[in-house]
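Written below as C-alpha cells is the structure these notes are about.
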Amino acid sequence: MEILGSIGSAGHFLLGYLVPFLFVLTLVVFVHELGHFLVGRWCGVDVKTFSIGFGRELFGFHDRHGTRWRFALIPLGGYVKFSGDADAASAPDDEAVGRMSPQERARSFPAQSIGERAAIVAAGPIANFLLAILIFAGSAFIFGKQVLTPRVDAVVAGSAAERAGLLPGDLVVAIDGQPIHSFSDMQRIVSTRPDETLSITLARGADTVTLPVTPALVEMDSPLGKQRIGVIGVKASPKPEDWTTQRFGLADSVRQGFTESWFIVAQTYDYVAKLVRGRASTDQLSGPIRIAQVSGAVAQNAGLLGLINLAAILSVSIGLMNLLPVPMLDGGHLLFYLYEAVRGRPLSPRAQEIGFRLGLALVLMLMLFVTWNDLVHVKGLL
Numbered sequence: 001m002e003i004l005g006s007i008g009s010a011g012h013f014l015l016g017y018l019v020p021f022l023f024v025l026t027l028v029v030f031v032h033e034l035g036h037f038l039v040g041r042w043c044g045v046d047v048k049t050f051s052i053g054f055g056r057e058l059f060g061f062h063d064r065h066g067t068r069w070r071f072a073l074i075p076l077g078g079y080v081k082f083s084g085d086a087d088a089a090s091a092p093d094d095e096a097v098g099r100m101s102p103q104e105r106a107r108s109f110p111a112q113s114i115g116e117r118a119a120i121v122a123a124g125p126i127a128n129f130l131l132a133i134l135i136f137a138g139s140a141f142i143f144g145k146q147v148l149t150p151r152v153d154a155v156v157a158g159s160a161a162e163r164a165g166l167l168p169g170d171l172v173v174a175i176d177g178q179p180i181h182s183f184s185d186m187q188r189i190v191s192t193r194p195d196e197t198l199s200i201t202l203a204r205g206a207d208t209v210t211l212p213v214t215p216a217l218v219e220m221d222s223p224l225g226k227q228r229i230g231v232i233g234v235k236a237s238p239k240p241e242d243w244t245t246q247r248f249g250l251a252d253s254v255r256q257g258f259t260e261s262w263f264i265v266a267q268t269y270d271y272v273a274k275l276v277r278g279r280a281s282t283d284q285l286s287g288p289i290r291i292a293q294v295s296g297a298v299a300q301n302a303g304l305l306g307l308i309n310l311a312a313i314l315s316v317s318i319g320l321m322n323l324l325p326v327p328m329l330d331g332g333h334l335l336f337y338l339y340e341a342v343r344g345r346p347l348s349p350r351a352q353e354i355g356f357r358l359g360l361a362l363v364l365m366l367m368l369f370v371t372w373n374d375l376v377h378v379k380g381l382l
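First residue of the sequence shown? That's 1 in full-length UniProt numbering, and the numbers climb one at a time after it.
Below, the structure is given as C-alpha cells:
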C-alpha cells in the first residue's frame, strides 16, 4: 500500500504540477529564443544552436542551415548560440572569430553592426511582449470578457469602506477621476494603492457622491503564497443580472491585449519601486517551485485556457527581467552596445569578462534567493 501511495503521489506531482509547469515555461522560453533566432537569421548571422533547457541534451536534430535544435535536461530556460559566441550567454569568442575565414567572419554575431546586434538581442524580450499581447487579444476576441458591475452588495464591518460611508447598493463610477467599468477595474486600483487616499465617485440612487477612502494593507493567501494588497472592504453583487459578457472586435481585441500586457508591466515597476522604498517585501518574489505550484493550480481550476493566460503573464515577466541592465541578460548586452555607440569602441575584453562574471553571480544569487523564498512559503506541493 505504501508503494502504491508513493506511485500515486509521484503521478499526482507529474500530472498536477510538472506537466503544466513545463508547458508554460517551454512556451515562453521557446518564443523568447525564437525572437533572437529569427532576427539573427534575418540579419544573416549563422546560428549554431537553438536550445530549450540547459545541460545534457535529451534529443535534437540539425536543420538544413546547420543549426542544432536541442532539448536539454534542465528545463529552466534556453539559449540561442550564434557564430562567434563563446557560450550560451553570448559572450564574444575573439579567438574563434580570429580563426574564421572572411566569409565566416562576416556571418558571425560580433561582425554585425551595433544596430543589428541590438536588434537581435532586443528581439527576445520583444517576442515575449508580443506573445502576451497575442494571447490576451485572442482570448478577448474569441471568448470576450466577463464583466461584473462595480456595485457594492455589502460593506464589511469596521472596514475602510464603512468608515468612509459607502453603502450597499452604491455603484462605483470612478476612482480619482478614472472611469470604472467593472468590479475588477476597482479591485486593480484598490489592490495596488494601499494606505493611499482615493477619491471614489459613486452613483447612489439619483445622486452622485464622492468619498475619500484609504485602502488598508492586508495579507491574503494566493497560489503564490502570501500577497500584500490594498482592500477597502466591499463585497461584489452576486446577482446574475450584474454579470455581462463584453464582446470585442478585432481592433478592440488587440487594444485589450496591449492594455492587459501594459497592466502587468506597470504592476511590476510599481512593485519594484515600492521594494526600493521599503513598502513591499521581497518574500513575494517567486521562483520555479512556486511557478510550478501556480501552474498546477491553474491547470486544475481553469484548464488549458487558464494555463495559456498564465503563460502570457509569465511571458511579460520574463521579458522585463531580461531587460534588466545586468551583464549576461539581454539588458546587459544592450548596455554594452550603448557604451560602444557612445564611445565609438566596445568595452575591453577584460571588462566584458568581468561584467559577465558579475552578471552570472547576480543571476545565481537571485535564483538561490527566490528558490529559498519558494521553499519557505510553499507548503503541500508534494
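Think of the CB as a built atom: it goes at the ideal place given N, C-alpha and C, for glycine as much as any other residue.
In summary, GLN103 is exposed, with fewer than 16 beta-carbon neighbours lying within 10 Å of its beta-carbon over all protein chains present. Shown here for VAL254: same chain residues with a beta carbon closer than 8 angstroms to its own, the five before and five after excluded, namely ILE133 and ALA137 in chain order. Taking each of PRO179, ILE74 and LEU166 in turn and checking the Cα distance to ARG56, the smallest one comes out for ILE74. Counting along the chain, THR259 sits inside the alpha helix (DSSP H) bounded by residues 250 to 276. Nearest to PHE183 by C-alpha distance, out of THR192, VAL173 and LEU323, is VAL173. Counting the other Cβ atoms within 10 Å of the Cβ of THR67 gives 16 or more, which makes it buried. Distances from the alpha-carbon of ALA216 to those of GLY77, GLU162 and ALA251 put GLU162 closest. Here DSSP, grouped into helix, strand and coil, assigns ARG70 to strand. Short of 8 angstroms from the beta carbon of VAL28, and not among the five residues preceding or following it, lie these beta carbons of its own chain, in chain order: ASN128, LEU131, ALA311, LEU314, SER315 and ILE318. If you draw a straight line from the Cα of PRO327 to the Cα of GLY35, it comes to about 19 angstroms. DSSP, read as helix, strand or coil, puts ILE232 in coil. Assignment of ASP87 by DSSP, reduced to helix, strand and coil, places it in the coil class.
In this chain, PRO325 is not harboured by any alpha helix (DSSP H), its DSSP state being neither H nor E. A straight line joining the alpha-carbon of GLY359 with that of LEU335 spans about 12 angstroms. Its Cα nearest to that of ASP63, the residue PHE50 stands out among PHE50, PRO325 and PHE54. Here SER159 has ALA216, VAL231, ILE232, GLY233 and VAL234 as same chain residues with Cβ atoms under 8 angstroms from its own Cβ, once five neighbours each way along the sequence are excluded.
Distance from the CA of VAL152 to the CA of ASP185, rounded to the nearest whole angstrom, comes to 13 angstroms. By the C-beta density criterion, ALA351 is exposed, having fewer than 16 other C-beta atoms within 10 angstroms. DSSP places HIS32 in the helix class (H, G or I) of the three-state scheme. When the Cα atoms are used, LYS81 and ARG105 turn out to be separated by approximately 15 angstroms. In chain order, ILE135 place their CB closer than 7 angstroms to the CB of ILE308, counting only its own chain and leaving out the 5 sequence neighbours on each side. The residue from THR210, PRO125, GLN187 and GLY177 with its alpha-carbon nearest to that of GLY165 is THR210. With contacts defined by Cβ atoms closer than 7 angstroms, VAL47 and PHE37 form a contacting pair. Boundaries for PRO212: no alpha helix (DSSP H) harbours it, while the beta strand (DSSP E) harbouring it runs 207 to 213, taken from the DSSP string. DSSP, reduced to helix, strand and coil, places ILE52 within a strand of the structure shown.
Cβ-Cβ distances below 8 angstroms link ILE52 to THR26, VAL29, PHE30, GLU33, ARG70, PHE71, ALA72, PRO75 and GLY78 in the same chain, with the five nearest sequence neighbours on each side left out; the list follows chain order. The DSSP assignment places 160 to 164 as complete runs of the alpha helix (DSSP H) inside the segment 117 to 176, in order along the chain (cut-off: 4 residues). One Cα belongs to ILE264, the other to ALA206, and the distance between them is close to 36 angstroms.
Look at GLU196 here: in three-state DSSP terms it is coil, with no helix or strand label. The three-state reading of DSSP puts PRO346 in coil, since its state is none of H, G, I, E or B.
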